[in-house]
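K.L.:
Keeping their order, the protein sequence lines are chains R and Y.
Numbered per the numbering used here, the first sequence finishes at 113, counting up by one with no gaps.
Numbered per the numbering used here, the second sequence finishes at 113, counting up by one with no gaps.
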Amino acid sequence: GQQLNQSPQSMFIQEGEDVSMNCTSSSIFNTWLWYKQDPGEGPVLLIALYKAGELTSNGRLTAQFGITRKDSFLNISASIPSDVGIYFCAGGRSGGSNYKLTFGKGTLLTVNP
Amino acid sequence: DAGVTQSPTHLIKTRGQQVTLRCSPKSGHDTVSWYQQALGQGPQFIFQYYEEEERQRGNFPDRFSGHQFPNYSSELNVNALLLGDSALYLCASSVQGADYGYTFGSGTRLTVV
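1) Under the rule that 16 or more other beta-carbon atoms within 10 Å means buried, what is R/Q9, buried or exposed?
2) Cutting at 6 Å between CB atoms, please list the residues of its own chain near Y/E54, excluding the five before and the five after it.
3) Could you tell me if R/D38 is buried or exposed, where buried requires 16 or more neighbouring beta carbons within 10 angstroms of its beta carbon?
4) Output needed in chain order: residues of the segment 66-92 of chain R with a Cβ under 8 Å from some Cβ in chain Y.
5) Drop a sphere of 10 angstroms on the beta-carbon of Y/G66, count the other beta-carbons inside from all chains shown, and report buried for 16 or more, exposed for fewer.
6) Looking at the unbroken beta strand (DSSP E) that takes in Y/S87, where does it start and where does it end?
7) Could you pull out every unbroken beta strand (DSSP E) segment of at least 3 residues lying fully inside the segment 28-92 of chain R, listed in chain order?
8) Suppose contacts are defined by Cβ-Cβ distances below 8 Å. Is Y/C23 in contact with Y/S94 by that definition?
9) With burial defined as no fewer than 16 other Cβ atoms inside 10 Å of the residue's Cβ, what is the status of Y/R15: buried or exposed?
10) Residues bridged to Y/K13 by DSSP?
11) Quick one, which of R/Q14, R/M11, R/L109 and R/V19 has its alpha-carbon nearest R/R60's?
12) Taking DSSP as the reference, what is the three-state secondary structure of Y/G42?
13) Would you list, in chain order, the members of the segment 41-67 of chain Y that have their beta-carbon closer than 8 Å to a beta-carbon of chain R?
14) Y/G84 by DSSP, collapsed to three states: which one?
15) From the DSSP output, which residues share a beta bridge with Y/F47?
16) Would you kindly report the start and end of the unbroken beta strand (DSSP E) that includes Y/G66?
17) Where does R/S97 land, buried or exposed, given buried means 16+ other C-beta within 10 angstroms?
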């Protein structure tokens with residue numbers, strides 16, 4: 001099945017550093033979502049974006065919905081050890097009879113204390 | 001308030017067997033979606049149930065079927081298991097009309113040998 005292009009695949013950073021990851025698609029979405037998944041758990045929603053150009057923050061996290069509606073990025077500022085995990089982007093096309101989310105392959109983030 | 005509950009957490013099956021996975025949605029949620037997450041991949045949409053009917057299906061063969069009960073809980077059935085069906089199966093519940101306001105369960109880890 002289709003998956004979004006998410007990069008980088010993995011990152012190894014020092015505590016306190018900022019992190020940036022992005023997601024691109026060949027087709028348009030009207031919703032972009034960012035999730036974090038810890039080992040043995042399901043994904044947890046971090047940020048939801050519903051409008052092209054929208055910039056939304058959640059604490060140290062900031063995400064933007066690209067103007068073309070084909071991309072999104074997530075920034076994490078001043079990383080801490082508990083930021084470790086896999087981050088997924090997901091696109092949706094709400095409205096009509098379309099309810100599914102299309103996910104990227106994930107970015108594995110490791111934070112060195 | 002209990003979140004999404006999935007059972008069992010792990011199971012091992014032999015090729016050709018059949019398996020049933022169960023999901024209890026978060027309290028107040030009436031819609032259930034199922035996703036398959038292979039190792040190192042993002043979740044892939046299998047199908048979504050609302051009002052006891054399958055209302056959207058992803059690119060999965062007919063061996064994958066489901067059911068939703070009047071209390072909104074759901075089952076995922078997979079027949080004639082293949083080695084490639086080994087994955088983490090995630091259930092996500094939501095409220096009808098809340099675009100992608102999913103709460104994911106911790107998943108069922110299925111291993112086919």
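Every residue, glycine too, gets a C-beta built ideally from N, C-alpha and C.
P.N.:
Reading from the atomic positions:
1) In the first sequence, counting from the first residue as 1, residue 9 of chain R sits at position 9. Classification for R/Q9: exposed.
2) Looking up residue 54 of chain Y in the second sequence gives position 54. Closer than 6 Å at Cβ, skipping near neighbours: F47.
3) In the first sequence, the residue the question calls residue 38 of chain R occupies position 38. Exposed, because fewer than 16 other Cβ atoms sit within 10 Å of the Cβ of R/D38.
4) F88, A90 and G92
5) Residue numbering aside, residue 66 of chain Y sits at position 66 when the second sequence is read from its first letter. Y/G66 comes out buried.
6) By 1-based counting over the second sequence, the position of residue 87 of chain Y is 87. Rather than Ser, the amino acid found at residue 87 of chain Y in this sequence is Ala. Start and end: A87 to S94.
7) 31-37, 44-49, 55-58, 61-65, 71-76 and 85-92
8) Taking the second sequence and counting its residues from 1, one reaches residue 23 of chain Y at position 23. Taking the second sequence and counting its residues from 1, one reaches residue 94 of chain Y at position 94. No.
9) As a position in the second sequence, residue 15 of chain Y is number 15, starting the count at 1. Exposed is the call here.
10) Looking up residue 13 of chain Y in the second sequence gives position 13. Looking at the DSSP assignment, Y/K13 forms a beta bridge with Y/V112.
11) On the first sequence, position 60 is the one that residue 60 of chain R refers to. The candidate whose alpha carbon is nearest that of R/R60 is R/V19.
12) Locating residue 42 of chain Y in the second sequence gives position 42, counting from the first residue. If DSSP states are grouped into helix, strand and coil, Y/G42 belongs with coil.
13) Q41, G42, P43, Q44, F45, Q48, R55, Q56, G58 and N59
14) Position 84 of the second sequence, counting from 1, holds the residue named residue 84 of chain Y. Y/G84: helix per DSSP, three-state reduction.
15) One-based indexing of the second sequence puts residue 47 of chain Y at position 47. Y/F47 is bridged to Y/W34 and Y/R57.
16) Here residue 66 of chain Y refers to the residue found at position 66 when the second sequence is read from its first residue. Unbroken beta strand (DSSP E) run through Y/G66: F64 to Q68.
17) Translated into positions along the first sequence, residue 97 of chain R becomes position 97. Answer is exposed; the Cβ neighbour count stays below 16.
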